[in-house]
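Here's the structure, in structure tokens; my notes come after.
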Amino acid sequence: MPTTPADQPLSGLGVLVTRPPDQAETLCRLIETAGGTPWRLAAMEIRPLPMAAPVVLDGYDMAIFISANAVQHGLAQLRGQTRYACVGAATARALANVGIERILVPEAGFDSESLLALEPLREIRGQRVLIVRGRDGRETLAQGLRQRGATVDYLEVYERVAAQTDTKPVLRAWQRGAIDLATITSADLLEHLANLLGDEGMALLRATPTVVFGPRLAEKARAMGIEQVQPAPSNDDTGLLQGLVALSSR
């Protein structure tokens with residue numbers, strides 16, 4: 007790939023952005039500032055689930071938010087106060103933006119395993135924990151907490167659904183060489199993207215250097231045939247940009 011000025015390391019490069027439309031624009035602006043061209047292809051949408059009766063947090067020792075989407079769609083259903091925890095930096099920022107200051111969050115690692123490794127979650131026997139998440143999320147966190155003697159409840163506040171996106175303009179651009187890099191931020195998104203692209207589009211994706219969130223998703227991407235995969239250094243837009251810059255310099 008071409009050598010570029012330090013202030014525009016993505017100059018001349020096209021980047022496939024697959025996040026839901028309401029979550030893609032910050033990354034697109036970062037790509038443009040770095041000299042690149044974002045190509046939007048939303049593979050998934052986030053839809054709030056119908057609100058249940060409010061959950062009173064006073065009965066819980068901790069509330070854990072799995073994602074920024076969980077914060078966005080879940081806080082309105084909660085009443086009272088408790089201790090708060092979350093998985094990654096983007097979720098911590100979402101909580102901080104609504105005035106929650108003391109948040110337990112891993113300093114390294116961006117998944118349930120990293121959260122379970124923190125000292126306050128090692129000695130949790132007899133405590134009640136509420137996990138705020140999307141429908142059909144991973145069970146690793148709840149299983150780990152229950153094995154340590156905690157009582158765990160779920161509050162599922164959103165679902166991930168396939169986006170109805172016209173792929174033709176992006177596929178044409180891809181075929182003529184306008185897309186050099188790609189970003190994928192979750193296993194669900196990767197599955198929806200594969201269905202959306204079909205065989206022709208997946209052949210293009212497999213040959214496109216791709217930045218992903220975390221080593222587990224990197225393994226899945228490689229298993230689906232993507233040849234060059236770069237885990238982002240952090241699970242947020244800045245981390246995605248840093249991963250893109252790292253790939254562009256190879």
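Numbering follows my numbering, with no gaps: position 62 of the sequence shown is 68.
Just so it is clear, CB atoms sit at the ideal spot from N, CA and C, and this is done for glycine as well.
Where Arg-99 sits in the DSSP three-state scheme: helix
Leaving out the 5 sequence neighbours to the left and right, which residues in its chain are closer than 8 Å to Arg-98 when beta-carbon positions are compared? Checking the displayed sequence, the identity of residue 98 turns out to be Ala instead of Arg. Answer for Ala-98: Cys-92, Ile-109, Val-111, listed in chain order.
Under 8 Å between C-beta atoms of Val-217 and Thr-189: yes
Could you give the distance in angstroms between the alpha-carbon of Asn-103 and the alpha-carbon of Arg-139? 18 Å
If you pair each beta-carbon of the region 217-228 with each one of the region 192-206, do three or more pairs fall below 8 Å? yes
Can you name, in chain order, every residue of its own chain whose Cβ lies under 6 Å from the Cβ of Gln-133, other than the five neighbours on each side? Asp-67, Ala-156
Please name the residue in Ala-12, Leu-19, Pro-15 whose C-alpha comes closest to that of Arg-182. Leu-19
Taking DSSP as the reference, what is the three-state secondary structure of Arg-178? helix
Give me the Cα-Cα distance between Leu-253 and Leu-121, rounded to the nearest whole angstrom. 28 Å
Please report the residue range of the beta strand (DSSP E) in which Asp-159 lies. 157-168
Would you kindly work out how many angstroms separate the C-alpha atoms of Ala-169 and Pro-239, rounded to a whole number? 27 Å
Determine the burial state of Thr-9: buried for a count of at least 16 other Cβ atoms within 10 Å of its Cβ, exposed for fewer. Confidence at Thr-9 is low in this model, with a pLDDT of 49, below 50, so the placement of that residue is unreliable and no value is reported for it.
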